[in-house]
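Asker:
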């Protein structure tokens, strides 16, 4: 049930991206191009999504179990640190270069777009690079772990 | 700034946004998680027992959406202008940046803002600012 619900959520998410125009990189860049002929559509995508999402998150706020009985694993961190801001800035540069963020990258891959697949492959390499650096950092802060591995 | 009224699609943007919000709501209410695509996909780079199948299912759902759509109707316009070099660089930056930043447009932008999370609002402001700045540099400083 949990896995099926996960598939359904991903599927509906993908349909929403297609309807909204978020899966069209040219449209995303039209939104990010404030100095050119600006297409404000994506601000409304955000507004529509937040309007619907906010109710559900408010409903879940005090609950410890989901409607399927699974534990609620919503993050509680509130600290704004350098890692959050720098990481998001780097993400934004990549987003601005191609007009593609992670959700649309998967939708584009599903259309069989060669360009979408190249972006997705590079993004996965980026994910793996992050894990590699994180592992190195953990090993450096814990020498015992480094010796054992 | 001039508004591109011919490209502006308020109805499909709002409806599509509401569908995205519904997906995030479904995922929160049933699975108790944030529908953050970068975290869901990125978590597969560090596989842990019992933590893999729901991630693959969500990713498969996203990939299946255009396939199912394509069976029933013509897909909406999708155009990628960036060349392969730019796409590879952009993919790398998105892959690394979203992991350090702990989220992307979905996790921070949709879910986090819906929850009024200060971290997510800060992240969203940061990646939007960087996106605006990058397009400005590429289109109006380099491209002009």
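Residue numbers (our numbering), protein chains in the order written: chain A, -6 to 142; chain B, 231 to 374.
Even glycine gets a Cβ: it sits at the ideal position worked out from N, Cα and C.
1) Looking at the unbroken alpha helix (DSSP H) that takes in residue 81/A, where does it start and where does it end?
2) Using a Cβ cut-off of 8 Å, pull out every chain B residue sitting near residue 71/A, in sequence order please.
3) Chain B beta carbons: is any one of them nearer than 7 Å to that of residue 142/A?
4) When we look at the beta-carbon of residue 329/B and count the other beta-carbons within 10 Å, is it buried (16 or more) or exposed?
5) Taking buried to mean at least 16 other C-beta atoms within 10 Å of its own C-beta, is residue 250/B buried or exposed?
6) Anything in the stretch 290 to 310 of chain B with a Cβ closer than 8 Å to a Cβ of chain A? List those residues in chain order, please.
7) Please list, in chain order, the residues of the stretch 266 to 279 of chain B that have any C-beta partner in chain A closer than 7 Å.
8) How close, in whole Å, do the beta carbons of residue 255/B and residue 49/A come, if the pair is a contact with beta carbons under 8 Å?
9) What residue from 305/B, 350/B, 264/B, 284/B has the CA that sits closest to residue 71/A's CA?
10) Any idea what DSSP makes of residue 30/A, helix, strand or coil?
11) For residue 3/A, which of 237/B, 345/B, 261/B has the nearest alpha-carbon?
12) Any contact of the stretch 6 to 22 of chain A with the stretch 90 to 100 of chain A, i.e. 3+ C-beta pairs under 8 Å?
13) Could you check how far apart the C-beta atoms of residue 66/A and residue 292/B are, in whole angstroms? I think they sit under 8 Å.
14) Do the CB positions of residue 244/B and residue 103/A come within less than 7 Å of each other?
15) From residue 238/B to residue 303/B, what does the alpha carbon distance come to, in whole angstroms?
16) Helix, strand or coil: how does DSSP classify residue 106/A here?
17) Taking three-plus beta-carbon pairs below 8 Å as touching, is the stretch 337 to 356 of chain B in contact with the stretch 121 to 135 of chain A?
18) Skipping 5 residues on each side, what residues in its chain have a beta carbon closer than 8 Å to that of residue 308/B?
19) Whose CA, out of 10/A, 89/A, 84/A, lies closest to the CA of residue 37/A?
20) Could you name the residues that DSSP lists as bridge partners for residue 232/B?
21) Given that a residue counts as buried once 16 or more other Cβ atoms are within 10 Å of its Cβ, and exposed if not, what is residue 82/A?
22) Please decide whether residue 110/A counts as near chain B, where near means a Cβ-Cβ distance under 7 Å.
23) With residue 376/B as the anchor, note down where its alpha helix (DSSP H) starts and where it stops.
24) Less than 7 Å between the beta carbons of residue 265/B and residue 53/A, yes or no?
25) Any C-beta of chain A sitting closer than 7 Å to the C-beta of residue 357/B?
26) Nearest-angstrom Cα distance between residue 284/B and residue 273/B?
27) DSSP state of residue 64/A, grouped into three classes?
28) Using a Cβ-Cβ cutoff of 8 Å, what residues of the stretch 66 to 91 of chain A are near chain B? List them in chain order.
29) Is residue 364/B closer than 7 Å to residue 86/A when the C-beta atoms are compared?
Answerer: Here's the rundown:
1) For residue 81/A, the uninterrupted alpha helix (DSSP H) segment begins and ends at 75 to 91.
2) Here the neighbours are 347, 348, 349.
3) Below a pLDDT of 50, predicted positions are generally treated as unreliable, and residue 142/A, at 43, falls in that range; the measurement from the model is reported next regardless. The beta carbon of residue 142/A does not come within 7 Å of any beta carbon belonging to chain B, so the residue lies off that interface.
4) Burial of residue 329/B is indicated by the presence of at least 16 other C-beta atoms within 10 angstroms of its C-beta.
5) Buried is the call here.
6) Within the stretch 290 to 310 of chain B, the qualifying residues are 290, 291, 292, 293, 294, 295, 296, 297, 298, 299, 300, 305, 306, 307, 308, 309, 310.
7) Listed by position along the chain: 267, 268, 271, 272, 275, 276.
8) About 3 Å separates the two Cβ atoms, so the contact holds.
9) Looking at the Cα atoms, 350/B is the closest of the given residues.
10) It is a strand residue.
11) Checking every option, the nearest Cα to that of residue 3/A belongs to 261/B.
12) Segment contact: the stretch 6 to 22 of chain A against the stretch 90 to 100 of chain A, three or more CB-CB distances shorter than 8 Å; contact assigned.
13) For residue 66/A against residue 292/B, the beta-carbon gap comes to about 20 Å, at or over 8 Å, which does not count as contact.
14) Between residue 244/B and residue 103/A, the C-beta spacing is not below 7 Å.
15) Going by C-alpha positions, residue 238/B is about 22 Å away from residue 303/B.
16) Looking at residue 106/A - three-state DSSP - the assignment turns out to be coil, as it is neither helix nor strand.
17) Segments in contact, no.
18) Nothing meets the Cβ criterion.
19) With distances taken between Cα atoms, residue 37/A lies closest to 10/A.
20) In the DSSP assignment, the residues bridged to residue 232/B are 30/A.
21) Residue 82/A comes out buried.
22) Chain B, which has no Cβ nearer than 7 Å to the Cβ of residue 110/A, makes this no.
23) Absent from the structure is residue 376/B, since the part of chain B shown begins at 231 and ends at 374.
24) Their beta carbons are not under 7 Å apart, which means residue 265/B does not touch residue 53/A by this criterion.
25) Yes, contact with chain A.
26) Inter-residue distance for residue 284/B and residue 273/B is about 11 Å (C-alpha atoms, whole angstroms).
27) Residue state, collapsed to three classes: strand.
28) Of all residues in the stretch 66 to 91 of chain A, 66, 67, 68, 70, 71, 72, 73, 76, 77, 78, 79, 80, 81, 82, 83, 84, 85, 86, 87, 88, 89, 90, 91 have a Cβ within less than 8 Å of some Cβ in chain B.
29) Yes, these two residues count as a Cβ contact at 7 Å.
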